[in-house]
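Participant: Mind having a look at this structure? Questions to follow.
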Amino acid sequence: HIYLLSKRDHLSQVINLLCICTKLKPNSQEFIRIKVIAQTAPDRTVMDNSGNPQDSVVPPVEGVAGGGTAYGWNDNCSQSSGPLNGSINPTEIPTADLVHVWCMPSTANVGPQEMPRPLEPINLLAARNERESVQIALRPKVSWSSSSTAGVVQVQCSDLCSASGDRLVVGQSLMLRRVVPILGVPDALVPLDLPVCQISLLPGETTAVWVSIDAPSAQPPGLYEGEITITSKADTELSSQCLGKGEKHRLFMELRNCLDNVEPIEGKPLHEVVERAKSTATTLRRVIFSPLFSEFFSDNGPIDMMDEDAISNLSVRVKLSLTVWDFILPATPSLPAVIGISDTVIEDRFGVRHGSDEWYEALDQHFKWLLQYRISPFFCRWGESMRVLTYTCPWPADHPKSDEYFSDPRLAAYAVPYSPVLSSNDGAKDYVRKEIELLRTKAHWKKAYFYLWDEPLNMEHYSSVRNMASELHAYAPDARVLTTYYCGPSDAPLGPTPFESFVKVPKFLRPHTQIYCTSEWVLGNREDLVKDIVTELQPENGEEWWTYVCMGPSDPHPNWHLGMRGSQHRAVMWRVWKEGGTGFLYWGANCYEKATVPSAEIRFRRGLPPGDGVLFYPGEVFSSSRQPVASLRLERILSGLQDIEYLNLYASRYGRDEGLALLEKTGTYLGPERYTIEHLPIDVMRGEIFSACRH
1 HIYLLSKRDH
11 LSQVINLLCI
21 CTKLKPNSQE
31 FIRIKVIAQT
41 APDRTVMDNS
51 GNPQDSVVPP
61 VEGVAGGGTA
71 YGWNDNCSQS
81 SGPLNGSINP
91 TEIPTADLVH
101 VWCMPSTANV
111 GPQEMPRPLE
121 PINLLAARNE
131 RESVQIALRP
141 KVSWSSSSTA
151 GVVQVQCSDL
161 CSASGDRLVV
171 GQSLMLRRVV
181 PILGVPDALV
191 PLDLPVCQIS
201 LLPGETTAVW
211 VSIDAPSAQP
221 PGLYEGEITI
231 TSKADTELSS
241 QCLGKGEKHR
251 LFMELRNCLD
261 NVEPIEGKPL
271 HEVVERAKST
281 ATTLRRVIFS
291 PLFSEFFSDN
301 GPIDMMDEDA
311 ISNLSVRVKL
321 SLTVWDFILP
331 ATPSLPAVIG
341 ISDTVIEDRF
351 GVRHGSDEWY
361 EALDQHFKWL
371 LQYRISPFFC
381 RWGESMRVLT
391 YTCPWPADHP
401 KSDEYFSDPR
411 LAAYAVPYSP
421 VLSSNDGAKD
431 YVRKEIELLR
441 TKAHWKKAYF
451 YLWDEPLNME
461 HYSSVRNMAS
471 ELHAYAPDAR
481 VLTTYYCGPS
491 DAPLGPTPFE
501 SFVKVPKFLR
511 PHTQIYCTSE
521 WVLGNREDLV
531 KDIVTELQPE
541 NGEEWWTYVC
551 MGPSDPHPNW
561 HLGMRGSQHR
571 AVMWRVWKEG
581 GTGFLYWGAN
591 CYEKATVPSA
601 EIRFRRGLPP
611 GDGVLFYPGE
621 VFSSSRQPVA
631 SLRLERILSG
641 LQDIEYLNLY
651 ASRYGRDEGL
661 ALLEKTGTYL
671 GPERYTIEHL
681 PIDVMRGEIF
691 SACRH
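Mapping the sequence shown onto UniProt numbering, position 41 (from 1) lands on 41, and the numbers just tick up by one.
Rendered as structure tokens:
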């Protein structure tokens with residue numbers, strides 16, 4: 001690791017890691033000797049005239065370790081059996097001679113031009129009730145298919161088993177998803193069939209498979225081992241196997257969706273007809289060019305499936321092990337991360353009428369799906385001047401679903417609407433009063449908050465917040481009002497400078513706001529300004545400081561924009577923990593441009609950075625599935641929230657100062673412009689916490 005990381009720009013990180021890993025003192029002779037070696041180490045990558053490495057290891061881009069205890073690098077790439085000659089029959093040639101297979105950490109953005117690396121076993125570390133992820137990259141060395149693809153590989157997973165017979169079952173605890181580029185950037189995670197699936201590889205392009213393992217809360221601790229087998233397939237094999245029952249059903253659903261799109265177009269506006277036609281063409285193109293039809297009319301005739309011995313001899317086997325340790329991540333996240341879902345986007349794209357049974361079903365699906373990411377969702381719609389209606393449960397407080405939602409231990413906070421979500425026989429104020437009176441009798445009331453206005457800018461906006469909050473506090477003095485802001489009122493400055501005006505907002509809004517939620521953009525790289533903000537708050541009176549990101553801050557600061565580094569996405573939560581915020585808000589997870597067909601192309605909103613306000617995609621865009629498709633960024637948000645639980649555990653044992661010191665000395669996070677771009681420091685930090693807290 002020292003040798004491979006010995007670039008000038010990573011040298012300080014190497015030195016920090018040496019202190020931890022070797023226990024050497026910085027002024028010791030041994031340490032100085034190793035430091036000199038690191039400083040003078042030559043670059044081992046030798047390039048030929050075409051720019052390709054020869055007989056060498058490609059240095060890591062995003063790190064040398066996986067999502068857990070680490071997998072490293074060595075000089076021994078998987079060796080081919082020899083040069084290929086003549087026609088290629090994948091049933092007779094080892095897959096390693098046809099396909100590069102290697103592993104990458106979850107923080108790597110594995111694009112089509114990612115270059116091969118050595119294949120090493122994957123070793124991950126996870127607490128109970130935690131998800132850990134890693135990526136397997138595939139790149140064809142040659143083409144063996146007679147179609148436009150380089151060829152097709154079969155990917156097969158086994159359960160992960162412990163020595164005591166406990167299992168992590170494929171399809172339940174272990175899932176595979178294909179990484180699909182959005183605007184050319186790897187982001188969408190499209191589910192693959194389990195335990196066996198087939199993937200088409202394109203010539204000269206790298207394809208990534210995202211592997212996630214969930215360790216349930218009740219999973220016995222121990223070492224779990226299994227493997228993922230990759231086997232190149234012949235065209236004739238695909239022809240004989242492609243029309244199984246599951247494939248027929250999938251094909252049927254795809255074609256039926258085409259009919260559903262084009263049949264009801266009579267009388268529709270021209271722009272909607274065009275959009276439906278484009279969506280249908282996209283679906284048909286996906287079906288026609290899928291492996292299902294790539295060699296459907298092959299002249300070679302079907303052949304028998306390879307037997308197990310042949311698979312063993314010819315396949316690439318990726319060894320996968322997971323250490324589950326005896327720490328259970330709390331079911332209720334320590335830090336409430338509240339993230340918005342636009343109900344109007346759901347209504348438009350899925351064609352559901354506000355308040356209909358289908359509308360409730362769609363919102364219920366999105367709410368339940370997002371809970372797995374340690375997120376507390378709220379639904380929202382914007383009014384004039386950024387007034388916002390937010391609610392976590394679409395049903396009223398006296399409905400059984402209300403208690404089901406709000407009592408779910410995975411929900412850390414919930415939004416209560418200021419006005420009726422649906423039309424009510426009662427007046428708006430009477431409706432809200434009755435809702436609050438009922439909710440205050442519940443044990444979950446402590447989770448409740450009211451989010452009334454998004455980023456007030458002037459005295460009119462701020463006065464509206466104060467008036468609305470006064471009405472709520474008349475019904476419930478203990479109601480928590482959340483206000484997001486990045487400035488004071490522009491037409492009545494609260495201080496001589498914009499920042500001083502911003503800092504004085506709590507004094508101006510008190511007692512009408514309890515959760516002061518500020519933009520990270522305001523701080524820039526000045527972490528010292530946090531003190532100025534926190535000093536103005538009164539935690540003894542229940543006031544809290546939350547933060548949010550939106551359009552800003554921009555690169556290199558942590559945010560969730562498309563194309564940022566994986567560690568940059570994950571660092572959003574490291575920043576929250578270091579700065580001491582007690583909650584986090586993000587404005588939207590599904591805020592695409594308007595569309596009226598579920599499978600319509602995803603378009604990001606104009607004027608926003610790519611990916612801003614979008615953390616998942618409609619499943620119909622990629623297949624017949626109606627299940628939402630997560631982004632890489634959403635998975636990294638989950639990893640960051642899990643990191644917070646690790647840091648909280650460490651701080652509970654050794655104190656918060658020691659937790660902050662661990663973040664810094666491992667090189668994981670030092671500030672908004674100084675955090676790791678590689679994965680190794682994350683593994684070192686998690687490994688240190690594991691070693692210090694497992695007993």
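Glycine included, each C-beta is placed from N, C-alpha and C at the ideal position. The structure presented is a predicted model; accordingly, all values stated were derived computationally and were not measured.
So, residue 200 versus residue 142, is the Cβ gap smaller than 9 Å?
Facilitator: Against the sequence shown, residue 200 aligns to sequence position 200. Against the sequence shown, residue 142 aligns to sequence position 142. Their beta carbons are not under 9 Å apart, which means residue 200 does not touch residue 142 by this criterion.
Participant: Anyone know if the C-beta pair for residue 552 and residue 559 falls short of 9 Å?
Facilitator: Counting from 1 along the sequence shown, the entry for residue 552 is found at position 552. Counting from 1 along the sequence shown, the entry for residue 559 is found at position 559. It is a contact, given that the beta carbons lie within the stated cut-off.
Participant: Would you call residue 253 buried or exposed, if buried means 16 or more other Cβ atoms sit within 10 Å of its Cβ?
Facilitator: Within the sequence shown, the letter at position 253 stands for residue 253. Residue 253 comes out exposed.
Participant: Secondary structure at residue 90, three-state DSSP: helix, strand or coil?
Facilitator: Locating residue 90 in the sequence shown gives position 90, counting from the first residue. DSSP places residue 90 in coil when its eight states are reduced to three.
Participant: Could you check what DSSP says for residue 533 in three-state terms: helix, strand or coil?
Facilitator: The residue labelled residue 533 in the question sits at position 533 within the sequence shown. Looking at residue 533 - three-state DSSP - the assignment turns out to be helix.
Participant: Look at the alpha carbon of residue 597 and the alpha carbon of residue 354, and state the distance between them as a whole number of angstroms.
Facilitator: As a working mapping, residue 597 is identified with position 597 in the sequence shown. As a working mapping, residue 354 is identified with position 354 in the sequence shown. Cα to Cα, the separation comes out at about 16 Å.
Participant: Name, in chain order, the residues that DSSP records as bridge partners for residue 225.
Facilitator: Taking the sequence shown and counting its residues from 1, one reaches residue 225 at position 225. Note: residue 225 sits in a beta bridge opposite 161 and 321.
Participant: With DSSP collapsed to three states, give me the class of residue 657.
Facilitator: One-based indexing of the sequence shown puts residue 657 at position 657. Helix at residue 657.
Participant: So who's on the other strand from residue 233, going by DSSP bridges?
Facilitator: Here the question's residue 233 lines up with position 233 in the sequence shown. Note: residue 233 sits in a beta bridge opposite 152.
Participant: Can you grab the Cα-Cα spacing for the pair residue 535 / residue 580, in whole Å?
Facilitator: Position 535 of the sequence shown, counting from 1, holds the residue named residue 535. Position 580 of the sequence shown, counting from 1, holds the residue named residue 580. C-alpha separation (whole angstroms): 13 Å.
Participant: Once DSSP output is grouped into helix, strand and coil, what is the label at residue 366?
Facilitator: Against the sequence shown, residue 366 aligns to sequence position 366. Residue state, collapsed to three classes: helix.
Participant: Would you call the region 335-351 and the region 364-382 in contact, with 3 or more CB pairs under 8 Å?
Facilitator: Output reads yes: the region 364-382 touches the region 335-351.
Participant: Give me the DSSP bridge partner(s) of residue 382.
Facilitator: Numbered from 1 along the sequence shown, position 382 holds the residue referred to as residue 382. DSSP output for residue 382 lists 388 as bridge partner(s).
Participant: Figure out for me which residue from 384, 225, 329 and 613 has the closest Cα to the Cα of residue 323.
Facilitator: As a first step, residue 323 must be located in the sequence shown, where it is residue number 323. Ranking the options by Cα distance to residue 323, first place goes to 225.
Participant: Can you list, in chain order, the stretches of the beta strand (DSSP E) that have 3 or more residues and sit fully within the UniProt domain "Glycoside hydrolase 123 catalytic" (539-649)?
Facilitator: You should have 544-549 and 584-586.
Participant: Report all residues from its chain with a CB closer than 6 Å to the CB of residue 370; omit the five preceding and five following residues, and keep chain order.
Facilitator: Counted from its first residue, the sequence shown places residue 370 at position 370. Within the same chain, residue 370 has close Cβ partners 377.
Participant: Decide yes or no for the touch test of the region 507-517 against the region 477-491: beta carbon pairs closer than 8 Å, at least 3 of them.
Facilitator: Judged by Cβ distances under 8 Å, the region 507-517 makes contact with the region 477-491, as three or more pairs qualify.
Participant: With the cut-off set at 9 Å, would you say residue 622 and residue 611 are in Cβ contact?
Facilitator: On the sequence shown, residue 622 is found 622 positions in, with the first residue counted as 1. On the sequence shown, residue 611 is found 611 positions in, with the first residue counted as 1. Contact: no.
Participant: Could you say if the region 127-142 and the region 199-215 meet the contact criterion of at least three C-beta pairs nearer than 8 Å?
Facilitator: A contact exists between the region 127-142 and the region 199-215.
Participant: On a CA-only basis, which of 154, 209, 87 and 365 is nearest residue 393? Give me that one, please.
Facilitator: Taking the first residue of the sequence shown as 1, we reach residue 393 at position 393. Nearest of 154, 209, 87 and 365 to residue 393, Cα basis: 365.
Participant: What distance in whole Å lies between the Cβ atoms of residue 498 and residue 487, which are believed to be in contact at a cut-off of 8 Å?
Facilitator: As a first step, residue 487 is located in the sequence shown; it is residue number 487 there, counting from the start. As a first step, residue 498 is located in the sequence shown; it is residue number 498 there, counting from the start. Confirmed, about 6 Å.
Participant: Could you tell me the alpha carbon to alpha carbon distance between residue 468 and residue 125, rounded to whole angstroms?
Facilitator: The residue labelled residue 468 in the question sits at position 468 within the sequence shown. The residue labelled residue 125 in the question sits at position 125 within the sequence shown. Going by the C-alpha atoms only, they are around 48 Å apart.
Participant: Sorted by chain position, which residues of the same chain lie with C-beta nearer than 7 Å to residue 439's C-beta, five sequence neighbours on each side aside?
Facilitator: For the purposes of this step, residue 439 is taken as residue 439 along the sequence shown, with counting starting at 1. Counting only Cβ-Cβ distances below 7 Å, and skipping sequence neighbours, we find 397, 416, 445 and 448.
Participant: Counting C-beta neighbours from all protein chains within 10 Å, is the total for residue 300 16 or more, i.e. buried, or is it exposed?
Facilitator: As a working mapping, residue 300 is identified with position 300 in the sequence shown. Reliability fails at residue 300, whose pLDDT of 41 lies under 50, so the model's placement of it is uncertain and the value that follows must be treated cautiously. Exposed, because fewer than 16 other Cβ atoms sit within 10 Å of the Cβ of residue 300.
Participant: If we count Cβ pairs, one from each stretch, closer than 8 Å, do we get three or more for the region 573-591 versus the region 158-172?
Facilitator: Verdict: no, contact absent.
Participant: Do you know offhand how far residue 639's Cα is from residue 669's?
Facilitator: Here residue 639 corresponds to residue number 639 of the sequence shown, with the count starting at 1. Here residue 669 corresponds to residue number 669 of the sequence shown, with the count starting at 1. Using only the alpha carbons, I get a separation of about 15 Å.
Participant: According to DSSP, simplified to helix, strand and coil, what is residue 111?
Facilitator: In the sequence shown, counting from the first residue as 1, residue 111 sits at position 111. Of the three classes helix, strand and coil, the one that applies to residue 111 here is coil, per DSSP.
Participant: Rounding to the nearest angstrom, what Cα-Cα distance links residue 437 and residue 493 in this structure?
Facilitator: Here residue 437 refers to the residue found at position 437 when the sequence shown is read from its first residue. Here residue 493 refers to the residue found at position 493 when the sequence shown is read from its first residue. Taking the straight line joining both Cα atoms gives about 37 Å.
Participant: Residue 431 to residue 419, Cα distance in whole Å?
Facilitator: Position 431 of the sequence shown holds residue 431. Position 419 of the sequence shown holds residue 419. Those two C-alpha atoms are separated by around 7 Å.
Participant: If you draw a straight line from the alpha carbon of residue 212 to that of residue 458, how long is it in whole angstroms?
Facilitator: For the purposes of this step, residue 212 is identified with residue 212 of the sequence shown, where counting begins at 1. For the purposes of this step, residue 458 is identified with residue 458 of the sequence shown, where counting begins at 1. Going from the Cα of residue 212 to the Cα of residue 458 covers about 46 Å.
Participant: Compare the Cα-Cα distances from residue 209 to each of 223, 217, 216 and 188 and report the closest residue.
Facilitator: As a first step, residue 209 must be located in the sequence shown, where it is residue number 209. Per the Cα distances, 188.
Participant: My assumption, with CB atoms under 8 Å, is that residue 441 sits in contact with residue 485. Please give the rounded CB distance.
Facilitator: The residue given as residue 441 occupies position 441 in the sequence shown. The residue given as residue 485 occupies position 485 in the sequence shown. Actually they are not in contact, since the Cβ atoms of residue 441 and residue 485 sit about 32 Å apart, beyond 8 Å.
Participant: Within 10 Å of its beta-carbon, does residue 385 have 16 or more other beta-carbons around it, so buried, or fewer, so exposed?
Facilitator: Counting from one through the sequence shown, the residue named residue 385 turns up at place 385. Result: exposed.
Participant: With distances taken Cα to Cα, identify the nearest neighbour of residue 672 among 636, 608, 501 and 576.
Facilitator: Residue 672 sits at position 672 when you count from the first residue of the sequence shown. Of 636, 608, 501 and 576, the residue nearest in Cα terms is 576.
Participant: Do residue 128 and residue 234 have their CB atoms nearer than 9 Å?
Facilitator: Here residue 128 refers to the residue found at position 128 when the sequence shown is read from its first residue. Here residue 234 refers to the residue found at position 234 when the sequence shown is read from its first residue. Cβ distance not < 9 Å, so residue 128 and residue 234 don't count as in contact.
Participant: By how many angstroms is the C-alpha of residue 154 removed from the C-alpha of residue 523?
Facilitator: One-based indexing of the sequence shown puts residue 523 at position 523. One-based indexing of the sequence shown puts residue 154 at position 154. Taking the straight line joining both Cα atoms gives about 49 Å.
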